Amino acid sequence: RRKWRRVVGVLRELEDSCETPVGRLKQVVDAMAVEMHAGLASEGGSKLKMLLTFVDRLPTGSEIGTYYALDLGGTNFRVLRVQLGGTRSSILSKDVKRQRIPEHLMTSTSEDLFDFITSKLKQFVEQEETVSEAAQSRTRELGFTFSFPVKQISIRSGFLIRWNKGFAIEDMIGCEIVERLQGALMKKGLDMWATVLVNDTVGILALGHYYDADTVAAVKIGTGTNACYMERADAIIKCQGLLTSSGGMVVNMEWGNFWSSHLPRTTYDIDMDLESPNPNDQGFEKMISGMYLGDIVRRVILRMCEESDIFGPVSSKLLTPFVLEMPLMAAMHEDESPDLKEVAAILRETLEIQGVPLKARRLVVKVCDVVTRRAARLAAAGIVGILKKIGRDGTGGITGSRSRSDAKMRRTVVAVEGSLYTSYMMFREYLHEALNEILGEEVAQHVVLRTTEDGSCVGAALLAALHSSSS
Ligand code: ADP
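When we follow the UniProt record's numbering, the leftmost residue of the sequence shown carries the number 31, and every step to the right adds one.
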């Protein structure tokens, strides 16, 4: 009995340290807006890099023609072709091909990597194009989505700062990326011009804006997390005299690296961070995204196991980092069977813990709930932070000079992608609930989260169309 109390104690402690009352979320909102300011004020001024993208216009729906995209940002890469009809709703056709990057290429040379990618792209083009299309003399245009930290110097040029997500190709670091791609395309004899270089969230924003002109920001919550938004060029202080045709520019926040002392942190977070390959980095991401949430839950269950024999002996699986993947954690959380069959199966098969009694399985569901709820609510606070920075949170912007009542709230759309938001209902519900709490219902009704699909590559193709040399 005393041991049961100890296990419940572990849960209570977790609940306490993960608490996100609306007051604390508002502090996170303010911290996000302040860090955004700092990151825009000077290079290295904040953990938020606030990278310039040189995207100063977004698609409007009037784009016409056939465009390609190449999306490289993780273990898979995608090639895509879209035909645009010139009226907003009509992406006439969209063909996407997704393939895995062979593991050895992720740590090989840039030449090997680009050879591989461009040969797949060439196969795709030959497969998709009709004979008459192929005979046309116009050079094909391509949007290149490259989702690694990049220092951009123009819309079609940028230098790789560093790799992540398992890539480690030394000869690429510090190099111009589009040149490499363009060289490989030429070598393959593929008549194609890379028109734009973008980050995946920028693609999502472009696609969101294509469908809905009120779209001002984009957020991705998948394996990792990031966000971008349209900023006023004159607010980008670190780049004095920045002139853009629209007076605005999309800023890639790299918000996964956001940090604030107001974030509710547990000992599990601290341990996971210390044992990670990038301690002290990506702090926000480690509390929010799919790569990490399962491992926080695993650590809590491990602690419960150590406190009591109610879960049986500690298994070697339970000691293995990252065995409990996000979809399994979501499945436990959303197990609606009265005897929590799914939870029992996952504990047995993935964590090798047998015969866990029902009341202990209920605790496991609760642990998933606490970790997901915190993640979703913090993501909501991050989104409101962006809205606050651009004066769309109903308070009249960061200076807060106007009161809620006289600030006219315009319809504001945020494009969202990533499996946590699109496939995990509880996550999405908690996120919406927190948005309503932070903004208040009156303001929240003007804020629309809209999911887009394949934005990282479709959006890149749309930006290629918008910046096409022939348009
Ligand atoms: P990306 O790798 O580009 O971020 P996704 O947006 O699909 O791709 O996100 C993948 C992440 O979402 C992974 O961490 C994966 O485990 C997690 N995931 C996939 N399906 C689900 C689901 N149904 N519920 C919760 N998380 C999921």
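The beta carbon of each residue, even a glycine, is placed where N, CA and C say it ideally should be.
Keep in mind the model is a prediction, meaning the values are calculated, not measured.
May I ask you to check if the CB of residue i is nearer than 8 Å to at least one heavy atom of ligand 1?
| i | result |
| --- | --- |
| residue 461 | no |
| residue 452 | yes |
| residue 217 | no |
| residue 380 | no |
| residue 62 | no |
| residue 179 | no |
| residue 284 | no |
| residue 316 | no |
| residue 250 | yes |
| residue 233 | no |
| residue 367 | no |
| residue 385 | no |
| residue 356 | yes |
| residue 483 | no |
| residue 449 | yes |
| residue 319 | yes |
| residue 359 | yes |
Just checking: is the beta-carbon of residue i within a distance shorter than 9 Å of some beta-carbon in chain C?
| i | result |
| --- | --- |
| residue 488 | No chain C appears in the structure shown, which is made up of a single protein chain. |
CB residue i to CB residue j, shorter than 9 Å?
| i | j | result |
| --- | --- | --- |
| residue 285 | residue 255 | yes |
| residue 404 | residue 334 | no |
| residue 226 | residue 497 | yes |
| residue 410 | residue 44 | no |
| residue 323 | residue 402 | yes |
| residue 485 | residue 230 | yes |
| residue 493 | residue 234 | no |
| residue 210 | residue 144 | yes |
| residue 454 | residue 356 | yes |
| residue 444 | residue 313 | no |
| residue 78 | residue 287 | yes |
| residue 398 | residue 281 | no |
| residue 415 | residue 66 | yes |
State the Cα-Cα distance for the pair residue i and residue j, rounded to the nearest angstrom.
| i | j | result |
| --- | --- | --- |
| residue 302 | residue 345 | 19 Å |
| residue 483 | residue 446 | 9 Å |
| residue 464 | residue 59 | 12 Å |
| residue 472 | residue 418 | 16 Å |
| residue 359 | residue 217 | 46 Å |
| residue 137 | residue 38 | 45 Å |
| residue 311 | residue 68 | 17 Å |
| residue 105 | residue 36 | 41 Å |
| residue 109 | residue 92 | 23 Å |
| residue 275 | residue 367 | 57 Å |
| residue 408 | residue 292 | 10 Å |
| residue 76 | residue 84 | 20 Å |
| residue 212 | residue 474 | 45 Å |
| residue 232 | residue 142 | 27 Å |
| residue 423 | residue 123 | 37 Å |
| residue 95 | residue 500 | 10 Å |
| residue 190 | residue 196 | 15 Å |
| residue 121 | residue 449 | 23 Å |
| residue 349 | residue 267 | 47 Å |
| residue 386 | residue 393 | 11 Å |
| residue 432 | residue 49 | Its pLDDT being 47, under 50, residue 432 is placed unreliably by the model, and the measurement read from it follows with that caveat. The alpha-carbon atoms of residue 432 and residue 49 are separated by roughly 30 Å. |
| residue 299 | residue 330 | 10 Å |
| residue 365 | residue 240 | 37 Å |
| residue 382 | residue 332 | 12 Å |
| residue 428 | residue 439 | A caution first: residue 428 carries a pLDDT of 46, below 50, which makes its placement in the model too unreliable to give a value. |
| residue 434 | residue 467 | Residue placement at residue 434 is flagged as unreliable, the pLDDT there being 48, under the threshold of 50; a coordinate-derived value is accordingly withheld. |
Can you tell me whether residue i is buried or exposed, with buried defined as 16 or more other CB within 10 angstroms of its CB?
| i | result |
| --- | --- |
| residue 308 | exposed |
| residue 162 | exposed |
| residue 320 | buried |
| residue 134 | exposed |
| residue 89 | buried |
| residue 250 | buried |
| residue 442 | buried |
| residue 388 | exposed |
| residue 488 | buried |
| residue 166 | exposed |
| residue 376 | buried |
| residue 170 | buried |
| residue 325 | buried |
| residue 338 | buried |
| residue 264 | exposed |
| residue 32 | exposed |
| residue 72 | exposed |
| residue 18 | The question about residue 18 has no answer, for the chain in this structure spans 31 to 501. |
| residue 111 | buried |
| residue 336 | exposed |
Tell me whether residue i, by its Cβ, gets closer than 8 Å to a heavy atom of ligand 2.
| i | result |
| --- | --- |
| residue 253 | Annotation note on ligand 2: not contained in the displayed structure, which lists ligand 1 as its ligands. |
- Three or more beta-carbon pairs under 8 Å between the region 192-207 and the region 145-155, yes or no? no
- Inspect the CB distances between the region 168-180 and the region 82-100 and report whether three or more fall short of 8 Å. With a cut-off of 8 Å, the region 82-100 and the region 168-180 count as touching, because enough Cβ pairs lie within range.
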